[in-house]
Structure formats: C-alpha cells, structure tokens
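Novice:
In the UniProt record's numbering, the protein residues as written are 1 to 142.
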C-alpha cells in the first residue's frame, strides 16, 4: 500500500463475469491496467508470444512458477513461446485492480486450467501514455 505521503489508490466496484465484485480502476477503455492484463491473457489464449511480450514494458519481468525468471522483452518472448507450446484452455477472473496516481497499478487475478488453479499478480506502470505490465508473478495456491 502507498505510504501516507504517497498517492492513494482509486477504484470502483464492478461486477465480473462470474458475478463476484472486482475492483476496477476509474479510468478508460484500452488505456487501463486491466486492459493491459487482458491483452496479455488474449495473447496467451491465441498462443501469440510476440503480443504477450508487447503487453509488457521493455524492462518488464515475469516470474512463473517452475520457470526461470524472464527479464526484458526478448527473455519474455522466449518464455512465452515455451509456455504457449502446450495450449490449454484457461479461464481468468479479475479479483482486484488498483491504481496509484496516474503512473502505477496492480492487478490480481485467478485463473483455472482444468482442475488447476493459479493466482497471478501484475504490477503495471505507464509507458509512453499506455499501461504496460512491469512485473508478473504466478503460483498455485496450497
């Protein structure tokens, strides 16, 4: 959470497809943190490693459970090429989205693939006026 002297989060409650409530930033269309994460999920579903890497900042990083950490566009592209080889149908639920000022945000999601559940955490930043994923981490809940 931000310090007392730092920016405070802005958020509003919006229903998700599953009917549960999700925190969505007050903001707009394709320039929101949630839209950047959705672009990553759409690219993953399509098996498009290039587009998945494009959802990240050029110095972005991904730490996916069981894989080496990928740092930077080329490493992210290689990670996603490997990840997307085995195409599996995943569903995603946005659990929480918060923005901090106009430059930083986080998004928490839950994804399901068959009987497996994954928790995902995305840190985002503004890059050239667009939201980009700066850090992505996932794991399986115990």
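Just so it is clear, CB atoms sit at the ideal spot from N, CA and C, and this is done for glycine as well.
Just the C-alpha distance for residue 134 and residue 40, rounded to the nearest angstrom, thanks.
Specialist: Residue mapping note: residue 134 aligns to position 134 of the chain shown, counting from 1. Residue mapping note: residue 40 aligns to position 40 of the chain shown, counting from 1. Straight-line Cα distance between these residues: approximately 12 Å.
Novice: If I follow the unbroken alpha helix (DSSP H) through residue 41, where does it start and stop?
Specialist: Here residue 41 is taken as the residue at index 41 of the chain shown, counted from 1. Counting along the chain, the alpha helix (DSSP H) containing residue 41 begins and ends at 33 to 46.
Novice: With which residues is residue 67 paired in a DSSP beta bridge?
Specialist: Position 67 of the chain shown, counted from the first residue, corresponds to residue 67. According to DSSP, residue 67 bridges with nothing at all.
Novice: Is DSSP giving residue 128 helix, strand or coil here?
Specialist: For the purposes of this step, residue 128 is taken as residue 128 along the chain shown, with counting starting at 1. Correct three-state label for residue 128: coil.
Novice: Since residue 33 and residue 105 are thought to touch, with beta carbons under 8 Å apart, how far apart are those beta carbons, to the nearest angstrom?
Specialist: Walking along the chain shown from the start, residue 33 turns up at place 33. Walking along the chain shown from the start, residue 105 turns up at place 105. Residue 33 to residue 105, Cβ: 4 Å. Contact.
Novice: What do you get for residue 120, buried or exposed, if any count of 16 or more other CB atoms within 10 angstroms of its CB means buried?
Specialist: Within the chain shown, residue 120 is the residue found at index 120, counting from 1. By the 10 Å Cβ count, residue 120 comes out buried.
Novice: Is the Cβ-Cβ distance between residue 118 and residue 127 less than 8 Å?
Specialist: Walking along the chain shown from the start, residue 118 turns up at place 118. Walking along the chain shown from the start, residue 127 turns up at place 127. Taking 8 Å as the Cβ cut-off, residue 118 and residue 127 do not qualify as a contacting pair.
Novice: In whole angstroms, what is the alpha-carbon distance linking residue 45 and residue 83?
Specialist: Indexing the chain shown from 1 puts residue 45 at position 45. Indexing the chain shown from 1 puts residue 83 at position 83. Approximately 11 Å, taken between the alpha carbons.
Novice: Taking the DSSP output, what are the residues bridged to residue 102?
Specialist: The sequence position of residue 102 within the chain shown is 102, counting from 1. The partner list for residue 102 (beta bridge, DSSP) is empty, contrary to what the question assumes.
Novice: Counting only the same chain and skipping the five closest in sequence on each side, list residues whose C-beta sits under 6 Å from that of residue 129.
Specialist: Along the chain shown, one-based indexing puts residue 129 at 129. Around residue 129: no qualifying Cβ.
Novice: Buried or exposed: which applies to residue 114, given that a residue is buried once 16 or more other Cβ atoms fall within 10 Å of its Cβ?
Specialist: Your numbering for residue 114 matches position 114 in the chain shown. Exposed, since its Cβ has fewer than 16 Cβ neighbours within 10 Å.
Novice: According to the neighbour-count rule (16 or more other Cβ atoms, all chains shown, within 10 Å of its Cβ), is residue 67 buried or exposed?
Specialist: Against the chain shown, residue 67 aligns to sequence position 67. The residue in question, residue 67, is exposed, as its Cβ has fewer than 16 Cβ neighbours within 10 Å.
Novice: Our contact map puts residue 81 next to residue 116 with C-beta atoms below 8 Å; I'd like the distance itself, whole angstroms only.
Specialist: Taking the chain shown and counting its residues from 1, one reaches residue 81 at position 81. Taking the chain shown and counting its residues from 1, one reaches residue 116 at position 116. Rounded, the Cβ-Cβ distance is 21 Å, inconsistent with contact.
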